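**Q**
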Amino acid sequence: MKIVLVCDESNISDNFRQAVGGQGHQVNALRGDYPLENGGLPECDAVVVEEKTWVRHASLYRYFEVLAEFNGVPFGVISRRKPSRLKLRRRNADTWIPTGFSPAEALEAVAGLGRAAA
Numbered sequence: 008m009k010i011v012l013v014c015d016e017s018n019i020s021d022n023f024r025q026a027v028g029g030q031g032h033q034v035n036a037l038r039g040d041y042p043l044e045n046g047g048l049p050e051c052d053a054v055v056v057e058e059k060t061w062v063r064h065a066s067l068y069r070y071f072e073v074l075a076e077f078n079g080v081p082f083g084v085i086s087r088r089k090p091s092r093l094k095l096r097r098r099n100a101d102t103w104i105p106t107g108f109s110p111a112e113a114l115e116a117v118a119g120l121g122r123a124a125a
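In the working numbering, each residue's number is its place in the sequence shown (first place is 1) plus 7.
#1: Per DSSP, what are the beta-bridge partners of E1 in this structure?
#2: Figure out for me which residue from W103, N22, Y70 has the closest Cα to the Cα of E58.
#3: Can you name the start and end residues of the alpha helix (DSSP H) that N45 belongs to?
#4: Given E76, which residues of its chain have a CB within under 6 Å of its CB, disregarding the five upstream and five downstream residues?
#5: Would you tell me roughly how many angstroms separate the C-alpha atoms of Q25 and E44, rounded to the nearest one?
#6: Give me the residue from V117, R88, A36 with the minimum Cα distance to Q30.
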C-alpha cells in the first residue's frame, strides 16, 4: 500500500516510517506545505495526517483547491485525542493513531486504511 504521511513533526514521521515501511508498505512523508507547493499529493492509496499539521494547513488546502485530493482516498489521523471531526472534513477519519503510537498500533491503523480502500 502506498501511504502519504503529511506531518511537520519529524519524530512522528520517522517513527511512522519505521513502524510501517518495513512491513511492505511504501510511506512517503511530506511536510504540510508540500501539497501547496506542488499542487497536490503524489499518487497514493491512503493519506495519514498529523492533526496539528492539518489544522495549520487545511484552510490553505481548500483555498488552493487541493483539499479534494485528501477526500478521495482513505484518511487517517495521528492525534493525541481521538477526533470526532476535523476542520474542513465532511466525514470522520477512517482510522486514528495516537501520537505516541507503538509499531503494532501503526500497523493496525494501516490495516484499517486498507479495509477502507477495498
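Cβ atoms here follow ideal geometry from the backbone N, Cα and C, with glycine treated the same way. Given the structure is predicted, the values throughout are model-derived calculations rather than measurements.
**A** In brief:
#1: Residue 1 is absent from the model: the chain starts at 8 and stops at 125.
#2: W103
#3: 41-45
#4: G47, L48
#5: 26 Å
#6: V117
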